[in-house]
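Chains as they are written, first to last, in the working numbering: chain A, 868 to 1132; chain B, 198 to 598.
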């Protein structure tokens, strides 16, 4: 099968150690990371929305805004795919705890913020975006599966696409089964054709049955990869920081995906 | 401007809901104008409302090899997969194309959150999950697709779409793109959502749940009835199943308005409808039937009735079937796609059950009672929280030959 080729036009990253993509590049070069803010700033949201928005939304909006700003594209015209393995864990923990005790007291706002597409909803509202928006997951493969979905959309409809992959930290008893010890979020803006802003070209190839040999992250990043399913994006983000190379991601539970990053001439 | 897509064959499809198991049960209930709604007998704490509950789910079991996936949502998924020869159709496709060349794309709003709710009701003395609930995959929103991939032994792309109530409509769009780009030769699409405390008490907190059986597009409607359902469809290129009904097109768009209220002019819904017609190469007058989202919430029905009134001639018939099944949330897209396919296959426009006094916003397109007429082209609308809209277009095989 021939591969899918998409161009990277923008990159966003946020974790408690990484304020943005430049901070990731510095970390890979062994420079001490400047501590990021305690919470993602998510300045794209109006202040009143930002106060009310749950963590999952702040994380996703922060990296989406970084990536779109780098791309120079108009956020209101970008189709978007928001991936997350677990959605908003503090809200899930809150809801399950309330439902076990006093279900009639459930907060209506937290309920509508609990939908998996809450980040997509807040983002499209904040940017006035009427383009198709999606919210997806695939367990530990959410980043790779989201990348595949976003690349398909970019190529099939010949339009740029924003991909966001983010997970909050675990919360309450739920944390025991999700194993997310820290928040992590990243975003890519993908385009079907290169232009002057293109940072690199991704060549994606599906590799059936090859999940066990997914690329290890660079040693400096291994702890971060273990802390969040969304951080499985780090091997590819590290390539983007370096300029070129190959890695293998999971595109599904039993499906690998080779990613070859080439610099654009 | 969007170009028309090459239609795909829907070579197998099935649904299980409060109307029963499989296509015949749904066709009979629709023909008899028989609702599947009942007074809420599901939630742990009392909640005065009506629900579309699937009978016998408590006794349904999973095969031993799949026991780690045990939960209500996956039991309903397995029950649904076992109707209408769907398992055999998927096995044949897997044999024809290979397990890695069949995608699995499923929609769900809450997956098996009901199992996580149960774990929280039975926390052990240390405040942790009880041992029998320490099964991490069922406490994630990918639980449904992970289970079905295991059950169908598929090894291709496998993705959960969770955009609230448009989830299992959007999977048709993702599947078409993957087949068109040559990533796969076929796709299993569908969705499952089950009754759980989160949605019953969540929608109740939003004051969107009716105390009575829901009355879509009725002047006196006062909210939704929540239901549960499983539905699946197998998509292939037309030459693999020339006589099967077709997916002609789809549209997806965002309201950019509010998290839990639709755009007042239905902007996102209209964009999704426009794109579905463009991809299908259809004019509105060529549409015989539209299965509406029609939840019986005040705002949705007002906005959607106006959309139909300004977009279609009276020869296009329109109805909501939520009065039969309840609002099955993330499964509504596939359930109502199946109802649209039944309309095409049996020349049956289902009446808008529960609507006795039409809302003045409703035009002459509304089928308030069942109508027997040929349906060559049918649309299905699905709109979700977050302003997430999808519209699907289906047709009889001969029509687009």
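C-beta: ideal position from N, C-alpha, C; glycine also.
Cβ pair residue 535 of chain B, residue 220 of chain B closer than 9 Å: yes
Residue from B/212, B/442 and B/533 whose Cα sits closest to the Cα of residue 204 of chain B: In terms of CA proximity to residue 204 of chain B, B/442 leads the group B/212, B/442 and B/533.
CB contact flag (residue 952 of chain A, residue 884 of chain A, <9 Å): no
Members of the region 478 to 497 of chain B near chain D, C-beta cut-off 9 Å: Among the protein chains in the structure shown, which are A and B, there is no chain D.
8 Å contact criterion, which residue 381 of chain B and residue 367 of chain B should meet: CB distance rounded: So it is not a contact: roughly 17 Å between Cβ atoms.
Contact belief for residue 211 of chain B with residue 426 of chain B at Cβ below 8 Å, rounded distance in angstroms: About 11 Å; that fails the 8 Å criterion.
4-residue-minimum alpha helix (DSSP H) runs that sit fully inside the region 366 to 429 of chain B, ordered along the chain: 394 to 402
Sequence-distant residues of its chain with Cβ nearer than 7 Å to residue 601 of chain B (five each side left out): Absent from the model: residue 601 of chain B. The displayed extent of chain B is 198 to 598, so no value can be given.
Length at least 4, wholly inside the region 1049 to 1129 of chain A: the alpha helix (DSSP H) runs in chain order: 1089 to 1094 and 1101 to 1109
Residue nearest to residue 527 of chain B in terms of C-alpha spacing, selected from A/983, A/1118 and A/1130: A/983
Closest residue to residue 1074 of chain A among B/328, B/470 and B/296 (Cα-Cα distance): B/296
Any C-beta of chain B under 9 Å from that of residue 997 of chain A: yes
Residue-chain proximity (residue 1060 of chain A, chain B), Cβ-Cβ < 9 Å: By the rule that beta-carbons nearer than 9 Å mark a contact, residue 1060 of chain A does not touch chain B.
Where the beta strand (DSSP E) through residue 451 of chain B begins and ends: 443 to 451
Sequence-distant residues of the same chain with beta carbon closer than 7 Å to residue 1112 of chain A, five excluded per side: 1106 and 1128
Under 9 Å by beta carbon: chain A residues contacting residue 198 of chain B: In chain order: nothing, as chain A lies at least about 12 Å away.
Cβ-based contacts, 7 Å cut-off: residues of the region 940 to 958 of chain A near chain B: Against chain B - using a Cβ distance shorter than 7 Å - the residues of the region 940 to 958 of chain A are 952, 953 and 954.
Three-pair Cβ contact test at 8 Å for the region 242 to 259 of chain B versus the region 369 to 387 of chain B: no
Cβ separation of residue 878 of chain A and residue 934 of chain A, assumed to be a contact under 8 Å, to the nearest whole Å: 6 Å
Cβ neighbours of residue 538 of chain B in the same chain (closer than 7 Å, five flanking residues each side left out): 207, 210, 442 and 591
Members of the region 362 to 374 of chain B that neighbour chain A once the beta carbon cut-off is set at 7 Å: 367, 371 and 374
For residue 591 of chain B, the residue or residues it bridges with in DSSP: B/444 and B/575
Under 7 Å by beta carbon: chain B residues contacting residue 974 of chain A: Taking a Cβ-Cβ threshold of 7 Å, the residues of chain B close to residue 974 of chain A are 402, in chain order.
Contact the region 944 to 960 of chain A vs the region 994 to 1009 of chain A: 3+ CB pairs below 8 Å: yes
Strand pairing of residue 1033 of chain A, partner residues [DSSP]: Residue pairing by DSSP puts residue 1033 of chain A in a beta bridge opposite A/1052.
Cut-off 6 Å between Cβ atoms - residues of its own chain near residue 509 of chain B, not counting five sequence neighbours on either side: 481 and 562
Counted within 10 angstroms of its Cβ, other Cβ atoms place residue 200 of chain B as buried (16 or more) or exposed: Exposed, because fewer than 16 other Cβ atoms sit within 10 Å of the Cβ of residue 200 of chain B.
Bridge-paired residues (DSSP) for residue 209 of chain B: B/431
Residue 598 of chain B - DSSP class collapsed to helix/strand/coil: Because residue 598 of chain B sits at a pLDDT of 38, beneath the cut-off of 50, its placement in the model cannot be relied upon, and the following sentence gives the value as read from the coordinates. Of the three classes helix, strand and coil, the one that applies to residue 598 of chain B here is coil, per DSSP.
Closest residue to residue 491 of chain B among B/352, B/564, B/452 and B/322 (Cα-Cα distance): B/564
As assigned by DSSP and simplified to three states, the class of residue 999 of chain A: coil
Residue from B/503, B/283, B/555 and B/470 whose Cα sits closest to the Cα of residue 585 of chain B: B/470
Residue-chain proximity (residue 1044 of chain A, chain B), Cβ-Cβ < 9 Å: So yes, residue 1044 of chain A belongs to the interface.
Residue 555 of chain B (DSSP reduced to helix, strand or coil): strand
The region 953 to 966 of chain A / the region 347 to 354 of chain B touching (three or more Cβ pairs under 8 Å): no
Reduced DSSP category for residue 299 of chain B - H, G, I as helix; E, B as strand; rest coil: strand
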